[in-house]
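Notes to accompany the following structure.
Numbering (the UniProt record's numbering), first residue to last: 1 to 358.
See below:
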């Protein structure tokens, strides 16, 4: 896609759906590229992290009273580039710098929103969200940590690294020795997720690697299974449907694959709607499982229909690569998403009905 002079542009290819279409708020505070964005489990707060070695916590539902700029949502799609500064600012809550001596490449937070896990170069940092103090620093990786994940209660922390290993840490211990090291990958491990299902009792670690394989470690049965998407399919990110039965896998070549987790069968592939090849882009699945949201190297956010594979929405607001996107976890806010970009901006998008509270 060629660069556009407009900062907020929406190509609503399929009208009548509850899709994000306008920029609703900025998450302000970072100096430099933003690497990752994430909602808390209840959707009341969100986190951003970036090259300035900080993690920032926001309330995306409330307006920052220190910033009084007004913004007309009806004109959001027609604004020129300078109008980004007139977006309302979401309320900043806290900033976390303790332990981050290098850019922050990954974050996760437990279900109670009290324990923050972050990656800074080869280090994994565990921080108390309330006190802002670092509780633990896990070291041992010989390459940059690409991804972190923690269990619902924060008792288990997992890190995936450029060194090809996945390390499992005791989140409540001060031991510098990991509980276990998983060394099955033949190349950099780009993503790790924990599936912790209270209903079924399933506890699994799922990883994606540049070697083209998604690996699932069943912690109850003590077995590992591999889904091989091919050596040319360097995997960069994994997301799941709400029931965790399907995986959505981003690849460096621009493909997004949907696989059935139980069988490993390839169900669908999205391709061509977003630009990829240089950056590790992530994707997410809307809480209603109708849409897949992807970042893009041209700065846009691309939304695919889960079943038809068609691009149903394209949001244009960033002028550098948009590497991180996140969907609001609630069905009531299924049209709300976050985007974080190398242009230093993090934006909340919605269907236009989303208004910040004073």
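Glycine residues also receive a C-beta, built at the ideal position from the N, C-alpha and C atoms.
Query: Local conformation of residue 179 per DSSP, three classes; Result: coil
Query: Proximity of residue 281 and residue 39 at Cβ, strictly below 8 Å; Result: no
Query: Short Cβ contact (8 Å threshold) for residue 335 with residue 351; Result: yes
Query: Reference residue 225, options 104, 256, 182, 237, closest by Cα; Result: 182
Query: Reference residue 188; option with closest CA among 228, 147, 170; Result: 147
Query: Cα-Cα separation between residue 255 and residue 193, rounded to whole angstroms; Result: 20 Å
Query: Residue 161 and residue 145 closer than 8 Å at C-beta; Result: yes
Query: For residue 257 and residue 322, the rounded distance between their alpha carbons; Result: 19 Å
Query: Cβ-Cβ separation, residue 163 to residue 143 (assumed contact under 8 Å), whole Å; Result: 4 Å
Query: Pair within 8 Å by beta-carbon distance, residue 104 and residue 35; Result: yes
Query: Alpha-carbon spacing of residue 259 relative to residue 211, whole angstroms; Result: 17 Å
Query: Exposure of residue 21, with buried meaning 16 or more beta-carbon neighbours within 10 Å; Result: buried
Query: Span of the beta strand (DSSP E), counted from its first residue to its last, around residue 267; Result: 266–270
Query: As assigned by DSSP and simplified to three states, the class of residue 100; Result: coil
Query: Where the beta strand (DSSP E) containing residue 257 begins and where it ends; Result: 256–260
Query: Three-state secondary structure assigned by DSSP to residue 313; Result: strand
Query: Close Cβ partners of residue 361 (< 6 Å) along its chain, the five nearest in sequence each way excluded; Result: As displayed, the chain neither begins before 1 nor continues past 358, which places residue 361 out of reach and without an answer.
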